[in-house]
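To keep things clear, I will list the structure first and then write my remarks on it.
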Amino acid sequence: MTEQLLAGVSPTAMVALGTIGGLARKGYPKAPMELIDRAEITEAGGITGDHRGKRKGAGRRQVTLIERERWTAACASVGVELDWWQRRCNIVVDGLELPREPGARLRLGRDVVLEMTRYTDPCERMEALAPGLFDALWVDWRAGICSRVVQGGTVLAGDVIRVEA
21 MTEQLLAGVS PTAMVALGTI GGLARKGYPK APMELIDRAE ITEAGGITGD
71 HRGKRKGAGR RQVTLIERER WTAACASVGV ELDWWQRRCN IVVDGLELPR
121 EPGARLRLGR DVVLEMTRYT DPCERMEALA PGLFDALWVD WRAGICSRVV
171 QGGTVLAGDV IRVEA
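Take the sequence shown: its position 95, counted from the start at 1, is 115 in this note's numbering, and no numbers get skipped.
Spelled out as structure tokens, the structure:
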């Protein structure tokens, strides 16, 4: 399937391809995370059913993303194995280093475009999962990124993600 996805893609663009490894949302603050296979994402509401998605102010934290490799590294550094959704983010990314520059854009699937706004600060809940995890997430952007929705649509677990700018 990867070969089909890459047909006609320049070698430069191939470096910036990853996949959505999983999707999650929470209906209210401190709610349990709900794993989902499909998400509707809108400019006004972020991921449908996620309490953080409603655009407030600049909407800097509508959708949060984390790289699976960096989450795994943070957990390993404190000697634990935890599922990605315990980070309480919306999307886990496989095979792609997320951009670190505010304003960089990601295309998820065919339609959704997210704009990176800032680093996702780790919260004290991470320390409750494992002693030292809060500090481990500050290293090398392991806590993930926040983004705002530029263009909405539907995404599925397994959809391609690419850096656009």
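Cβ atoms here follow ideal geometry from the backbone N, Cα and C, with glycine treated the same way.
Residue i, DSSP secondary structure in three states
| i | result |
| --- | --- |
| Asp103 | coil |
| Gly73 | helix |
| Leu116 | coil |
| Leu149 | helix |
| Arg127 | strand |
| Val159 | helix |
| Arg108 | coil |
| Glu54 | strand |
8 Å Cβ cutoff met for residue i and residue j
| i | j | result |
| --- | --- | --- |
| Gly66 | Arg72 | yes |
| Gly123 | Met136 | yes |
| Arg130 | Leu37 | no |
| Arg162 | Arg80 | no |
| Thr68 | Gly178 | no |
| Glu184 | Arg127 | yes |
Per DSSP, the bridge partner or partners of residue i
| i | result |
| --- | --- |
| Cys166 | Thr84, Arg138 |
| Glu60 | Thr174 |
8 Å contact criterion, which residue i and residue j should meet: CB distance rounded
| i | j | result |
| --- | --- | --- |
| Ile86 | Gly164 | 3 Å |
| Ala94 | Ala156 | 4 Å |
| Gly173 | Glu63 | The pair is not a contact, with the Cβ atoms about 10 Å apart (cut-off 8 Å). |
Beta-carbon contacts of residue i that lie in its chain and below 8 Å, excluding the five residues immediately before and after
| i | result |
| --- | --- |
| Arg88 | Gly41, Trp104, Val112, Val113, Asp114 |
Cutoff 6 Å; reference residue i; Cβ partners in own chain excluding five residues on either side
| i | result |
| --- | --- |
| Thr84 | Cys109, Asn110, Thr140, Gly164, Cys166 |
| Ala27 | Confidence at Ala27 is low in this model, with a pLDDT of 48, below 50, so the placement of that residue should be treated as unreliable; the coordinate-derived value is given next. Taken in chain order, the list of residues that qualify is empty. |
| Arg45 | Glu54, Ile67, Gly69, Asp70 |
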